[in-house]
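Positions in the sequence shown are counted from 1; adding 918 to them yields my numbering. The beta carbon of each residue, even a glycine, is placed where N, CA and C say it ideally should be. Here the structure is a predicted model, which is why all the values come from computation and not from measurement. First the structure, in the form of C-alpha coordinates, and then the observations on it.
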Amino acid sequence: MIRKKGSESMEIKIIDESQFSTSVWSGGKTTEMYLYPQDASYKERNFLFRISSATVEDETSVFTRLPGIHREILLLNGSMVLQHGKGVPVTLQPYEPHAFEGEWETVSHGKATDFNVMYQNCKSFVKVISETGKAVFEKTVGMDFFYSKEDDFRLEQTIVKRGQLAMITGQTGGVKLISDEENPGIVHVGITDLPGPAERVE
919 MIRKKGSESM
929 EIKIIDESQF
939 STSVWSGGKT
949 TEMYLYPQDA
959 SYKERNFLFR
969 ISSATVEDET
979 SVFTRLPGIH
989 REILLLNGSM
999 VLQHGKGVPV
1009 TLQPYEPHAF
1019 EGEWETVSHG
1029 KATDFNVMYQ
1039 NCKSFVKVIS
1049 ETGKAVFEKT
1059 VGMDFFYSKE
1069 DDFRLEQTIV
1079 KRGQLAMITG
1089 QTGGVKLISD
1099 EENPGIVHVG
1109 ITDLPGPAER
1119 VE
(Lines of atoms letter the chains of each structure in order from A and count residues from 1; the text may use other names and numbers.)
(Lines give C-alpha, C1' and ligand atoms only; values in the text may rest on other atoms or scores of the structure.)
Protein backbone atom coordinates (compact mmCIF):
# COMPACT_ATOMS: atom_id res chain seq x y z
CA MET A 1 0.00 0.00 0.00
CA ILE A 2 1.44 3.39 -1.04
CA ARG A 3 0.64 6.66 0.64
CA LYS A 4 1.94 10.14 -0.13
CA LYS A 5 3.21 12.64 2.43
CA GLY A 6 4.20 15.90 0.82
CA SER A 7 6.96 15.19 -1.68
CA GLU A 8 7.83 11.88 -0.03
CA SER A 9 6.39 8.50 -0.92
CA MET A 10 5.61 6.25 2.02
CA GLU A 11 4.86 2.56 1.65
CA ILE A 12 3.17 0.54 4.38
CA LYS A 13 3.43 -3.21 3.93
CA ILE A 14 1.65 -5.72 6.15
CA ILE A 15 3.44 -9.02 6.74
CA ASP A 16 0.96 -11.60 7.97
CA GLU A 17 1.71 -14.44 10.38
CA SER A 18 1.18 -16.89 7.50
CA GLN A 19 4.34 -15.41 5.91
CA PHE A 20 6.49 -16.00 8.99
CA SER A 21 8.84 -18.98 9.22
CA THR A 22 9.02 -21.08 12.41
CA SER A 23 11.85 -23.43 13.35
CA VAL A 24 13.18 -25.18 16.44
CA TRP A 25 16.15 -23.91 18.46
CA SER A 26 17.81 -25.53 21.48
CA GLY A 27 15.44 -23.95 24.02
CA GLY A 28 12.13 -23.80 22.16
CA LYS A 29 10.84 -22.37 18.88
CA THR A 30 11.78 -19.26 16.93
CA THR A 31 9.57 -17.47 14.41
CA GLU A 32 11.34 -15.38 11.80
CA MET A 33 9.19 -12.38 10.86
CA TYR A 34 11.57 -10.55 8.54
CA LEU A 35 15.10 -11.09 7.23
CA TYR A 36 17.03 -8.50 5.22
CA PRO A 37 18.20 -8.78 2.52
CA GLN A 38 15.47 -11.23 1.65
CA ASP A 39 17.89 -13.46 -0.26
CA ALA A 40 20.12 -13.75 2.82
CA SER A 41 20.27 -16.76 5.12
CA TYR A 42 20.17 -16.84 8.91
CA LYS A 43 22.17 -20.09 8.90
CA GLU A 44 24.91 -18.49 6.81
CA ARG A 45 24.85 -15.33 8.99
CA ASN A 46 24.97 -13.11 5.91
CA PHE A 47 21.92 -11.02 6.81
CA LEU A 48 22.01 -7.35 7.81
CA PHE A 49 19.11 -7.59 10.22
CA ARG A 50 16.57 -10.14 11.42
CA ILE A 51 13.33 -9.62 13.33
CA SER A 52 11.91 -12.62 15.15
CA SER A 53 10.00 -13.89 18.16
CA ALA A 54 10.98 -16.93 20.20
CA THR A 55 9.48 -19.13 22.86
CA VAL A 56 11.80 -20.20 25.64
CA GLU A 57 10.34 -23.50 26.83
CA ASP A 58 13.18 -24.84 28.98
CA GLU A 59 13.76 -23.43 32.44
CA THR A 60 17.45 -23.00 31.56
CA SER A 61 18.54 -22.38 27.97
CA VAL A 62 21.82 -21.53 26.26
CA PHE A 63 21.56 -18.87 23.56
CA THR A 64 23.18 -19.54 20.20
CA ARG A 65 26.45 -17.61 19.97
CA LEU A 66 26.51 -15.16 17.08
CA PRO A 67 29.92 -13.48 16.72
CA GLY A 68 29.80 -10.02 15.14
CA ILE A 69 26.03 -9.68 15.54
CA HIS A 70 24.37 -7.18 17.88
CA ARG A 71 21.15 -8.17 19.62
CA GLU A 72 18.17 -6.53 21.29
CA ILE A 73 15.54 -8.53 23.13
CA LEU A 74 12.37 -7.75 25.04
CA LEU A 75 9.84 -9.95 26.79
CA LEU A 76 6.32 -10.21 25.43
CA ASN A 77 5.22 -12.43 28.30
CA GLY A 78 6.67 -14.66 30.99
CA SER A 79 9.80 -14.04 33.05
CA MET A 80 13.49 -14.31 32.23
CA VAL A 81 16.88 -13.68 33.78
CA LEU A 82 19.88 -13.47 31.43
CA GLN A 83 23.40 -14.35 32.49
CA HIS A 84 26.08 -12.94 30.17
CA GLY A 85 29.29 -14.80 30.94
CA LYS A 86 30.36 -14.00 34.50
CA GLY A 87 28.52 -10.69 34.54
CA VAL A 88 25.73 -9.62 36.87
CA PRO A 89 22.45 -11.42 36.05
CA VAL A 90 19.94 -9.21 34.22
CA THR A 91 16.26 -9.58 35.12
CA LEU A 92 14.20 -8.69 32.06
CA GLN A 93 11.02 -6.71 32.59
CA PRO A 94 8.11 -7.03 30.11
CA TYR A 95 8.42 -4.61 27.19
CA GLU A 96 11.78 -3.21 28.28
CA PRO A 97 14.46 -3.70 25.57
CA HIS A 98 17.81 -5.16 26.56
CA ALA A 99 20.85 -4.94 24.26
CA PHE A 100 23.77 -7.37 24.24
CA GLU A 101 26.34 -8.87 21.91
CA GLY A 102 25.65 -12.11 20.08
CA GLU A 103 29.18 -13.36 20.71
CA TRP A 104 28.67 -13.32 24.46
CA GLU A 105 28.07 -16.57 26.27
CA THR A 106 24.45 -16.08 27.34
CA VAL A 107 22.27 -18.35 29.46
CA SER A 108 18.60 -17.67 30.20
CA HIS A 109 16.58 -18.77 33.21
CA GLY A 110 12.79 -18.77 33.04
CA LYS A 111 10.10 -19.50 30.48
CA ALA A 112 8.91 -16.70 28.22
CA THR A 113 8.02 -15.42 24.76
CA ASP A 114 10.39 -12.75 23.53
CA PHE A 115 10.87 -10.37 20.60
CA ASN A 116 14.32 -10.20 19.01
CA VAL A 117 16.26 -7.97 16.67
CA MET A 118 19.67 -9.09 15.37
CA TYR A 119 21.76 -6.77 13.20
CA GLN A 120 25.23 -6.22 11.78
CA ASN A 121 26.81 -3.54 9.57
CA CYS A 122 23.88 -1.22 10.26
CA LYS A 123 22.17 0.41 13.24
CA SER A 124 18.94 -0.44 15.01
CA PHE A 125 16.78 0.74 17.87
CA VAL A 126 13.90 -0.95 19.65
CA LYS A 127 11.31 0.98 21.64
CA VAL A 128 7.83 0.36 22.98
CA ILE A 129 4.88 2.70 22.46
CA SER A 130 2.56 2.55 25.45
CA GLU A 131 0.53 5.75 25.27
CA THR A 132 -3.02 5.13 26.43
CA GLY A 133 -5.85 4.98 23.91
CA LYS A 134 -4.93 7.89 21.67
CA ALA A 135 -3.18 8.92 18.48
CA VAL A 136 0.54 9.56 18.65
CA PHE A 137 2.99 10.90 16.08
CA GLU A 138 5.84 8.43 15.97
CA LYS A 139 9.14 9.55 14.44
CA THR A 140 10.34 7.30 11.63
CA VAL A 141 13.84 6.82 10.20
CA GLY A 142 13.24 5.40 6.72
CA MET A 143 12.85 1.68 7.42
CA ASP A 144 10.57 1.01 10.37
CA PHE A 145 8.64 -1.96 11.73
CA PHE A 146 5.68 -2.03 14.13
CA TYR A 147 4.32 -5.06 15.98
CA SER A 148 1.79 -5.86 18.69
CA LYS A 149 1.20 -9.33 20.09
CA GLU A 150 -2.02 -8.40 21.89
CA ASP A 151 -3.96 -5.61 20.15
CA ASP A 152 -4.88 -4.22 16.74
CA PHE A 153 -3.76 -0.68 15.88
CA ARG A 154 -3.63 1.72 12.92
CA LEU A 155 -0.76 3.32 11.04
CA GLU A 156 -2.31 6.28 9.27
CA GLN A 157 -5.39 4.60 7.71
CA THR A 158 -3.91 1.09 7.57
CA ILE A 159 -5.20 -1.43 10.11
CA VAL A 160 -2.53 -3.69 11.60
CA LYS A 161 -3.96 -6.75 13.31
CA ARG A 162 -2.35 -8.27 16.37
CA GLY A 163 0.42 -10.67 15.42
CA GLN A 164 1.08 -8.96 12.08
CA LEU A 165 4.29 -7.06 11.34
CA ALA A 166 3.94 -3.68 9.62
CA MET A 167 6.87 -2.31 7.61
CA ILE A 168 7.17 1.34 6.60
CA THR A 169 9.70 2.49 4.02
CA GLY A 170 10.36 5.82 2.32
CA GLN A 171 9.36 8.03 5.24
CA THR A 172 11.93 9.84 7.40
CA GLY A 173 9.58 12.18 9.23
CA GLY A 174 6.89 10.41 11.17
CA VAL A 175 3.67 8.46 11.07
CA LYS A 176 0.38 8.71 12.95
CA LEU A 177 -0.23 5.66 15.09
CA ILE A 178 -3.63 5.04 16.66
CA SER A 179 -4.61 2.45 19.26
CA ASP A 180 -7.90 2.24 21.13
CA GLU A 181 -6.40 0.07 23.84
CA GLU A 182 -4.87 1.12 27.13
CA ASN A 183 -1.13 0.46 27.31
CA PRO A 184 -1.04 -1.18 23.87
CA GLY A 185 2.60 -2.31 24.03
CA ILE A 186 3.39 -1.69 20.36
CA VAL A 187 7.00 -2.49 19.47
CA HIS A 188 8.77 -0.08 17.10
CA VAL A 189 12.00 -1.17 15.39
CA GLY A 190 13.97 1.39 13.39
CA ILE A 191 16.80 0.45 11.01
CA THR A 192 19.36 3.00 9.79
CA ASP A 193 22.76 3.16 8.08
CA LEU A 194 22.17 0.19 5.81
CA PRO A 195 25.13 -0.38 3.46
CA GLY A 196 24.80 -0.29 -0.30
CA PRO A 197 24.66 -3.54 -2.33
CA ALA A 198 28.44 -3.64 -2.82
CA GLU A 199 29.05 -3.38 0.93
CA ARG A 200 26.72 -6.14 2.08
CA VAL A 201 27.89 -9.03 4.21
CA GLU A 202 29.08 -12.04 2.24
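* To do: Would you mind stating whether ASN1039 and ALA972 have Cβ atoms separated by less than 8 Å?
  => no
* To do: Just the C-alpha distance for SER939 and MET951, rounded to the nearest angstrom, thanks.
  => 7 Å
* **Residues near VAL1044 by beta carbon distance below 6 Å, same chain, minus five either side** => Here the set comprises GLU990, PRO1015, VAL1035 and VAL1107.
* To do: Pull up the DSSP beta-bridge partners for GLU1019, would you.
  => HIS988
* Asked: Thinking just about the alpha-carbon of each residue, which of GLU977, GLU929, ILE987 and ILE1077 is nearest to the one in GLU1023?
  -> ILE987
* Could you tell me whether the stretch 1062–1079 touches the stretch 1090–1105, using the rule of 3 or more Cβ pairs below 8 Å? => yes
* Do you know how far the Cα of MET998 is from the Cα of THR949? -> Their backbone Cα atoms lie some 19 Å apart in a straight line.
* To do: Measure the alpha-carbon distance for ILE930 versus LYS1004 and round it to whole angstroms.
  => 43 Å
* Asked: The beta strand (DSSP E) spanning LYS1094 covers which residue range?
  -> 1092–1096
* Residues in its own chain within less than 7 Å of ALA1030 by CB, not counting five upstream and five downstream? -> VAL974, LEU993, ASN995, GLY996, SER997 and MET998
* Residue nearest to ARG1080 in terms of C-alpha spacing, selected from MET928, GLU935 and ASP976 -> GLU935
* To do: Check GLN937 in the structure and name its three-state DSSP category.
  => helix
* To do: Select from GLN937, HIS1027, GLN1001 and PRO985 the residue whose C-alpha is nearest the C-alpha of GLY946.
  => HIS1027
* To do: Can you have a look at GLU962 and say buried or exposed, based on whether 16 or more other CB atoms are within 10 angstroms of its CB?
  => exposed
* Asked: Among residues of its own chain, excluding the 5 on either side of LEU953, which ones have a beta-carbon nearer than 6 Å to its beta-carbon?
  -> PHE965 and ARG968
* Asked: Tell me which same chain residues have a C-beta within less than 6 Å of the C-beta of ARG1072, skipping the five on either side of it?
  -> ILE1096
* To do: Would you list the one or two residues that DSSP bridges to PHE967?
  => TYR954 and TYR1037
* To do: Can you tell me the Cβ-Cβ gap for MET928 and GLY1088, rounded? I've got them flagged as a contact below 8 Å.
  => 5 Å
* By DSSP, does VAL1119 sit in helix, in strand, or in coil? -> For VAL1119, the pLDDT reaches just 48, beneath the cut-off of 50, and the residue's location in the model is therefore unreliable, leaving the point undetermined.
* Asked: The beta strand (DSSP E) with GLY1108 in it runs from where to where?
  -> 1104–1110
* To do: Within 10 angstroms of the Cβ of GLU1098, are there 16 or more other Cβ atoms? Answer buried if so, exposed if not.
  => Note that residue 1098 is Asp in the sequence shown, not Glu. By the 10 Å Cβ count, ASP1098 comes out exposed.
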